[in-house]
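Remember, this note's numbering sits 293 above the position in the sequence shown when you count from 1. Idealized CB from N, CA, C, for every residue including glycine. All remarks here apply to the structure that follows.
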Amino acid sequence: MRRLTDGWCNLSPRVRCLFWGGWTLALSLLAVLGLPGGRPPVVGALLRQQEANRTLWPELRQLAALPERRADAPRAQALSFSPLAFQTPAVHLVRWQPAGAGGELSVRMRWSEMGPLFVRLAAQDMRVSRFTLEPDGDALCLTLQLERGR
């Protein structure tokens, strides 16, 4: 083993670079040709995805040109916010403390009602800047710091 290392070190740097480059090229060709289809499966999947994107691109341009779909178009009128709307059989309003363009809302509810609560807040154009979630017996006490979205 020592003789191989000594022989490699005795070669000039130019010859070592040529050997290294030749072996790298040979192994790369073997790896590419040894794979099914002559190219890695990931490359084939990427090419198929690029072709699908290329066919969808004109449709995307048409959708972007529609006035009601444009980003600078005015947003649809949101529902007006009312903390009393959160008083339902599944969600109990504990406290509402108005402040400026928002306020602090505390509700008591089950975990399954978490998603619909945030959907309702988004529909009423209210953003959550802070929240706390604490267990309260068999339910949860959620306190939200709300701000008007616009």
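For residue i, count neighbouring Cβ atoms within 10 angstroms of its own Cβ and tell me buried if that reaches 16, exposed if not.
i	result
phenylalanine 312	exposed
leucine 439	buried
glutamate 427	exposed
leucine 435	buried
Going by alpha carbons, who is nearest to residue i out of the options?
i	options	result
arginine 423	Leu437, Ala416, Leu322 and Leu297	Leu437
alanine 432	Ala415, Leu414, Gly442 and Ser399	Ser399
alanine 392	Trp350, Val384 and Arg441	Arg441
Mind checking who residue i pairs with in its DSSP beta bridge?
i	result
glutamate 406	Per DSSP, none; premise fails for glutamate 406.
arginine 395	Per the sequence shown, the amino acid found at residue 395 is glycine instead of arginine. Note: glycine 395 sits in a beta bridge opposite Ala392 and Glu440.
Is the beta carbon of residue i within less than 7 angstroms of some heavy atom of the ligand MG?
i	result
arginine 341	This structure simply doesn't include the ligand MG, nor any ligand for that matter.
To the nearest angstrom, how far is it from the Cα of residue i to the Cα of residue j?
i	j	result
arginine 420	leucine 359	28 angstroms
asparagine 346	leucine 340	10 angstroms
leucine 414	phenylalanine 374	8 angstroms
arginine 354	glutamate 344	16 angstroms
glycine 395	arginine 388	13 angstroms
arginine 401	leucine 372	23 angstroms
proline 409	glycine 337	42 angstroms
glycine 297	leucine 304	In the sequence as presented, glycine is not what sits at residue 297; that position holds leucine. The alpha-carbon atoms of leucine 297 and leucine 304 are separated by roughly 11 angstroms.
leucine 377	serine 405	20 angstroms
arginine 403	glycine 430	10 angstroms
alanine 357	proline 351	10 angstroms
Can you tell me where the beta strand (DSSP E) holding residue i begins and where it ends?
i	result
threonine 260	This structure leaves residue 260 out entirely; the chain is present only between 294 and 443.
leucine 372	Segment: none, leucine 372 is in no beta strand (DSSP E) and carries neither H nor E.
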